[in-house]
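> Below is one structure. I have some questions about it.
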Amino acid sequence: MKVSPLLNGLLACILVAAAPAFADEISIAVAANFTAPMKLIAAEFEKESGHKVVASFGATGKFYAQIKNGAPFEILLAADDETPTKLVKENAGVVGSQFTYAVGKLVLWSAKPGLVDGAGAVLKKGDFAHLSVADPKLAPYGAAGVETMKALGVYESVQPKVVTAENITQAYQFISSGNAELGFVALSQVLKDGKIEGSSWLVPANLYSPIRQDAVVLDKGKGQPAVDALMKFLKGDKAKAIIKSFGYELS
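Following this line, the structure appears as structure tokens:
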């Protein structure tokens with residue numbers, strides 16, 4: 000049966016009009032340490048749902064300031080649990096939407112083999128010129144690094160050698176480029192196929208406060224089916240398998 004050009008045009012208009020109901024764009028703010036796993040999770044989610052994820056990666060503290068200033072994010076995946084809790088209390092986050100999607104691990108890492116020993120004694124020896132740490136005021140992993148150095152009693156002696164990075168991604172870049180011989184980063188950044196290149200010390204969990212990373216739906220994402228679908232996907236088996244593969248623990 001031959002379809003008239005007019006009918007073709009009407010069908011096209013109907014499909015275009017219906018498209019937003021089936022495929023939406025979700026704007027999310029993601030802690031820098033979670034960049035690699037989130038890219039994989041987003042790809043799986045897009046494949047399964049048809050929705051598009053537009054992710055921005057950076058320091059949790061900076062995202063907090065941007066959200067309070069009206070940034071159009073619909074979900075925050077923070078590097079802590081305090082920021083989402085604060086946003087909910089301040090009516091910028093949706094009550095009941097917050098949950099822990101990952102528990103992070105801190106590692107002292109160097110791109111140079113043999114520099115960092117398995118007990119972190121290099122911090123006491125001080126055989127390095129620069130140590131990279133993400134800004135502790137903005138990045139929870141940076142705060143954990145400072146906590147670790149204080150717990151070991153080396154903070155005062157190491158402080159003159161500290162290079163403060165804007166976020167954990169920049170901290171990693173300083174180290175991988177050789178601008179800093181070593182530094183504190185997230186295990187997820189250096190763990191590849193179950194191995195860590197260079198040299199590292201997995202910091203014992205008792206030396207820093209637990210890095211519970213929480214997700215929360217923001218006010219601009221309230222009542223959005225695509226947003227709810229992504230939050231549900233983050234709690235599912237596919238996302239959990241990806242998260243665990245990067246060295247995170249699940250709560």
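Going by numbering that gives the first Met the number 0, the letters in the sequence shown line up with residues 0 to 250, in that order. All C-beta atoms in this analysis are idealised placements derived from N, C-alpha and C, irrespective of residue type, glycine included.
Whole angstroms are fine: how far does the CA of Gly103 sit from the CA of Leu249?
The residue given as residue 249 occupies position 250 in the sequence shown. The residue given as residue 103 occupies position 104 in the sequence shown. C-alpha separation (whole angstroms): 9 Å.
> Hey, which unbroken runs of the beta strand (DSSP E) at 3 residues or more fall wholly within the segment 130-185?
Segments of the beta strand (DSSP E) lying fully in the segment 130-185: 130-133, 161-164, 181-185.
> Applying the criterion that 16 or more other CB atoms from any shown protein chain within 10 Å of the CB defines a buried residue, is Val53 buried or exposed?
If you number the sequence shown from 1, residue 53 lands on position 54. By the neighbour-count rule (16 or more Cβ atoms within 10 Å), Val53 is not buried but exposed.
> Do Lys234 and Phe98 have their C-beta atoms closer together than 8 Å?
Stepping through the sequence shown from its first residue, residue 234 is reached at position 235. Stepping through the sequence shown from its first residue, residue 98 is reached at position 99. Result yes, Cβ atoms of Lys234 and Phe98 sit closer than 8 Å.
> Among the candidates Pro112, Val93, Lys51, Ile242, whose CA atom is the shortest distance from the CA of Ala225?
Start at 1 with the first residue of the sequence shown, and residue 225 comes out as number 226. The candidate whose alpha carbon is nearest that of Ala225 is Lys51.
> Out of Thr147, Asn178, Leu217, which one is the CA nearest neighbour of Pro135?
Residue 135 sits at position 136 when you count from the first residue of the sequence shown. Nearest C-alpha to Pro135: Thr147.
> When burial is assigned at 16 or more other CB atoms within 10 Å of the CB, is Gln188 buried or exposed?
One-based indexing of the sequence shown puts residue 188 at position 189. Gln188 should be labelled buried.
> Let me know if Asp126 comes out buried or exposed under the rule of 16 or more other beta-carbons within 10 Å of its beta-carbon.
Residue 126 sits at position 127 when you count from the first residue of the sequence shown. Exposed, since its Cβ has fewer than 16 Cβ neighbours within 10 Å.
> Within 8 Å, do at least three Cβ pairs link the segment 102-122 to the segment 182-202?
Contact between the segment 182-202 and the segment 102-122 is present, because at least three Cβ pairs lie under 8 Å.
> I need the straight-line Cα distance from Thr168 to Gln223, nearest angstrom please.
Here the question's residue 168 lines up with position 169 in the sequence shown. Here the question's residue 223 lines up with position 224 in the sequence shown. Between Thr168 and Gln223, the C-alpha separation is close to 30 Å.
> Which complete alpha helix (DSSP H) runs does the segment 72-123 hold, if anything under 4 residues is left out?
Segments of the alpha helix (DSSP H) lying fully in the segment 72-123: 81-88.
> Pair every Cβ in the segment 88-95 with every Cβ in the segment 171-184, then say whether three or more of these pairs are closer than 8 Å.
No: fewer than three Cβ pairs fall under 8 Å.
> Tell me, please, which residues DSSP counts as bridged to Gln212.
Reading the sequence shown from its first residue, position 213 is the one you call residue 212. Bridge partners of Gln212: Ala101.
> Tell me the DSSP secondary structure of Phe245 in three-state form.
By 1-based counting over the sequence shown, the position of residue 245 is 246. The answer is coil: DSSP assigns Phe245 none of H, G, I, E or B.
> Who are the Cβ neighbours of Ile241 in its own chain at under 7 Å, not counting the five residues just before and after it?
Position 242 of the sequence shown holds residue 241. Closer than 7 Å at Cβ, skipping near neighbours: Pro36, Leu39, Ile40.
> For the alpha helix (DSSP H) holding Glu45, just list the boundary residues, first then last.
Numbered from 1 along the sequence shown, position 46 holds the residue referred to as residue 45. Here the alpha helix (DSSP H) through Glu45 covers 34-48.
> Mind checking whether Tyr100 and Thr82 have CB atoms under 8 Å apart?
Locating residue 100 in the sequence shown gives position 101, counting from the first residue. Locating residue 82 in the sequence shown gives position 83, counting from the first residue. No, these two residues do not count as a Cβ contact at 8 Å.
> Pull up the CB-CB distance for Val87 and Phe56, whole angstroms please, since I reckon it's below 8 Å.
As a working mapping, residue 87 is identified with position 88 in the sequence shown. As a working mapping, residue 56 is identified with position 57 in the sequence shown. The Cβ separation is near 22 Å, so there is no contact.
> Quick one: is Ile192 buried, meaning 16 or more other Cβ sit within 10 Å of its Cβ, or exposed?
In the sequence shown, residue 192 corresponds to position 193, counting from 1. For clarity, residue 192 is Asp in the given sequence; the question names Ile instead. Per the 10 Å Cβ criterion, exposed.
> Spatial neighbours of Val162 within its chain, please: CB distance less than 8 Å, with the 5 preceding and 5 following residues excluded, ordered by chain position.
Counted from its first residue, the sequence shown places residue 162 at position 163. For Val162, where only same-chain residues beyond five positions count, the Cβ hits under 8 Å are His129, Leu130, Ser131, Val132, Phe173, Asn178, Ala179, Gly182.
> What number of angstroms, rounded off, separates the C-alpha of Lys231 from the C-alpha of Gly117?
For the purposes of this step, residue 231 is taken as the residue at position 232 of the sequence shown. For the purposes of this step, residue 117 is taken as the residue at position 118 of the sequence shown. Cα to Cα, the separation comes out at about 38 Å.
> Indicate the three-state DSSP secondary structure (helix, strand or coil) for Ala70 in the structure shown.
Your numbering for residue 70 matches position 71 in the sequence shown. Coil at Ala70, not helix or strand.
> Report the residue from Ala78, Glu24, Gly60, Lys85 whose alpha carbon sits nearest the alpha carbon of Pro71.
Along the sequence shown, one-based indexing puts residue 71 at 72. Ranking Ala78, Glu24, Gly60, Lys85 by Cα distance to Pro71 puts Glu24 first.
> Starting from Lys51, trace the beta strand (DSSP E) in both directions and tell me its first and last residue.
Your numbering for residue 51 matches position 52 in the sequence shown. Its beta strand (DSSP E) spans residues 51-57.
> Measuring CB to CB, does Tyr140 end up less than 8 Å from Val184?
Along the sequence shown, read from residue 1 onward, the residue named residue 140 stands at position 141. Along the sequence shown, read from residue 1 onward, the residue named residue 184 stands at position 185. It is a contact, given that the beta carbons lie within the stated cut-off.
> Which residues share a DSSP beta bridge with Leu201?
Within the sequence shown, numbered from 1, the residue matching residue 201 stands at position 202. Answer is Val106.
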